[in-house]
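Quick note on full-length UniProt numbering: the sequence shown kicks off at 1 and runs consecutively.
First comes the structure, then the notes that go with it.
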Amino acid sequence: MRSTPTAACEIHTNIKPLGLRRDAAVMNMVERYKRSDKSHPNRQLIDTWKPTARLKQKSVMDIATYLQEKHHLPNKRENLQHFCKEIPPHHGKYTANIRTQLIKEKSKKHGDPIDIMITAQKTLDTYPEHWIHVYTDGSAFKGTINGGYDVRIQYPDETKEEHSESCGSYCSNYEAEAFAIEAAVFQLTSVFSLYPEKTQNIVIFSDSKSVLEALQNESLQNSSLKSLFFTIDSFLKTYDVDLTLQWIPGHCNITGNERADTLAKKGSTAQQQNTTTSFRTAQQIIRNNSTEEWLNGWATGKTGRSLFTYMATPNPKDSINSLERRDQVITFRLRTHHAPVNVHLNRIQPMTPPVCHFCDAPYETTTHLLFQCTSLQDLREEYLPPRPDAWNTLYSNF
Numbered sequence: 001m002r003s004t005p006t007a008a009c010e011i012h013t014n015i016k017p018l019g020l021r022r023d024a025a026v027m028n029m030v031e032r033y034k035r036s037d038k039s040h041p042n043r044q045l046i047d048t049w050k051p052t053a054r055l056k057q058k059s060v061m062d063i064a065t066y067l068q069e070k071h072h073l074p075n076k077r078e079n080l081q082h083f084c085k086e087i088p089p090h091h092g093k094y095t096a097n098i099r100t101q102l103i104k105e106k107s108k109k110h111g112d113p114i115d116i117m118i119t120a121q122k123t124l125d126t127y128p129e130h131w132i133h134v135y136t137d138g139s140a141f142k143g144t145i146n147g148g149y150d151v152r153i154q155y156p157d158e159t160k161e162e163h164s165e166s167c168g169s170y171c172s173n174y175e176a177e178a179f180a181i182e183a184a185v186f187q188l189t190s191v192f193s194l195y196p197e198k199t200q201n202i203v204i205f206s207d208s209k210s211v212l213e214a215l216q217n218e219s220l221q222n223s224s225l226k227s228l229f230f231t232i233d234s235f236l237k238t239y240d241v242d243l244t245l246q247w248i249p250g251h252c253n254i255t256g257n258e259r260a261d262t263l264a265k266k267g268s269t270a271q272q273q274n275t276t277t278s279f280r281t282a283q284q285i286i287r288n289n290s291t292e293e294w295l296n297g298w299a300t301g302k303t304g305r306s307l308f309t310y311m312a313t314p315n316p317k318d319s320i321n322s323l324e325r326r327d328q329v330i331t332f333r334l335r336t337h338h339a340p341v342n343v344h345l346n347r348i349q350p351m352t353p354p355v356c357h358f359c360d361a362p363y364e365t366t367t368h369l370l371f372q373c374t375s376l377q378d379l380r381e382e383y384l385p386p387r388p389d390a391w392n393t394l395y396s397n398f
């Protein structure tokens, strides 16, 4: 008899089912090959493949075709480049000053939100008031669909202008952030050409550290980053100004950034164009679809319901992770009711009676032993929380 709570194990460890991981690997492989040069042998294999019904076992391409229809992946693909051919090694580049840290290094994931907000505000205050301050933000539904961006420009004379726009039907948050910075540079180019007296040093605040790091490392593997790089290069060749790209954490109650975030969501609701999709965005679509299918299967499944009540999704911050391995195993078994108690042992070996061997209860379950057995009342009062239940005993901080 199979009794291993596989679905619960996967949620508990935040590891997707093997079948979904295999499907994602197939889709990623095919998407990569379809973006290769047409002369690449793998691309030629993909393009010339034809289905055959003679073989009973399905080929990788049969599975890929089925998954393509199932997940509705975009057909307009951006070619994959492992390096930027347009930038020769001897090319003299004009690049912005890129700063990916605050004045004091803070971790948004583990730091105190108030402390991060104060440090972010102090970082903003280090830039002179006579500079042009720009806030940019990008947004996409589910991180991949209907992208939009916003640019908020604050001039030294306290005048402001805002501009929001859509980015494309399939566009990631990452690409939307790059489009936002590029739109800001385009807008300032237009302003400086019409009003030369407004030419001034600029600081652009962005909450996308990944975009800034890609620019800093010249990792230009998709068209949005490449276009942004050349736009900045052209802008700095034309105007003798300092351009700084400063990372600031998002959602930290910084007025300009919060306003840009709101308008970026508005931009994502505008009419979208059917643009090409980068490999990075395709990977994220595959990852999102796989996760959604996994969690839907967990929600509608019939096994592991005792765990689902308290853990509908994986919890990376689960306090069980602070325990020793032995204690983690015991806690997980109690959570899933797969502990060596008589009711569970009776399912495996019917000759084992399900009765409690501490009292007269007809069923010895984990719930009975932890919260109901009268013979264990003294241990319950000593080791368990006041008014113990499943949540404060097995799921709260240990």
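Each residue gets a CB set at the ideal place from its N, CA and C atoms; glycine is no exception.
As the structure is a prediction and not an experimental result, all values here were calculated from the model.
Here residue 9 carries a helix assignment [DSSP, helix/strand/coil]. A direct Cα-Cα distance of roughly 27 Å separates residue 286 from residue 53.
A distance of 9 Å or more separates the beta carbons of residue 343 and residue 313. DSSP places residue 141 in the uninterrupted beta strand (DSSP E) bounded by 132-141. The Cβ atoms of residue 65 and residue 215 do not sit closer than 9 Å to each other. Residue pairing by DSSP puts residue 164 in a beta bridge opposite 150. Only residues of its own chain outside the window of five on either side were considered, and among them 310 have a CB closer than 8 Å to the CB of residue 391, listed in chain order. Looking at the backbone, the Cα of residue 211 and that of residue 30 are separated by about 26 Å. Around the beta carbon of residue 103, a 10 Å sphere encloses fewer than 16 other beta carbons of the protein chains shown; the residue is thus reported as exposed. For residue 32, no beta strand (DSSP E) run applies; the uninterrupted alpha helix (DSSP H) run containing it begins and ends at 18-34, by DSSP. By the Cβ criterion, the stretch 262-272 is not in contact with the stretch 114-123, since fewer than three pairs of Cβ atoms, one from each stretch, lie closer than 8 Å.
Segment contact: the stretch 301-308 against the stretch 3-14, three or more CB-CB distances shorter than 8 Å; contact assigned.
For residue 17, the CB contacts under 7 Å within the same chain, skipping 5 residues up- and downstream, are 10, 294 in chain order. Within the same chain, and ignoring the five residues on either side of residue 227 in sequence, the residues whose Cβ sits closer than 7 Å to its Cβ are 182. The bridge partners DSSP lists for residue 172 come to none. A check of alpha carbon separations from residue 189 across 32, 235, 207 identifies 235 as the nearest. In this structure, the beta-carbon distance from residue 179 to residue 143 does not fall below 9 Å. Contact check for residue 283 and residue 241: beta-carbon distance about 37 Å, past the 8 Å limit, so the pair fails to qualify.
Looking from the CA of residue 252, the closest CA among 124, 97, 45 belongs to 124. When secondary structure is reduced to three states using DSSP, residue 277 falls in the strand class. Distances from the CA of residue 150 to each of 156, 159, 134, 157 were compared; the closest alpha carbon is that of 134. When the Cα atoms are used, residue 130 and residue 299 turn out to be separated by approximately 55 Å.
Rounded to whole angstroms, the gap between the alpha carbons of residue 207 and residue 128 is 20 Å.
The Cβ-Cβ distance between residue 205 and residue 239 does not fall below 9 Å. For residue 391, the three-state secondary structure derived from DSSP is helix. Take the alpha-carbon of residue 77 and the one of residue 213: they are about 24 Å apart.
Bridge partners of residue 246 according to DSSP: 99, 205. Boundaries of the alpha helix (DSSP H) harbouring residue 344: 342-348, taken from the DSSP string.
Annotated three-state conformation of residue 145 is strand, per DSSP.
Of the candidates 369, 375, 50, 369 places its Cα closest to the Cα of residue 389.
Straight through space, the alpha carbons of residue 203 and residue 132 are spaced by roughly 6 Å. For residue 331 and residue 337, the gap between their C-alpha atoms comes out near 10 Å. In the DSSP assignment, residue 221 falls outside any alpha helix (DSSP H) and carries neither an H nor an E. One Cα belongs to residue 145, the other to residue 170, and the distance between them is close to 5 Å.
Within the model, the alpha-carbon separation for residue 198 versus residue 260 is close to 22 Å.
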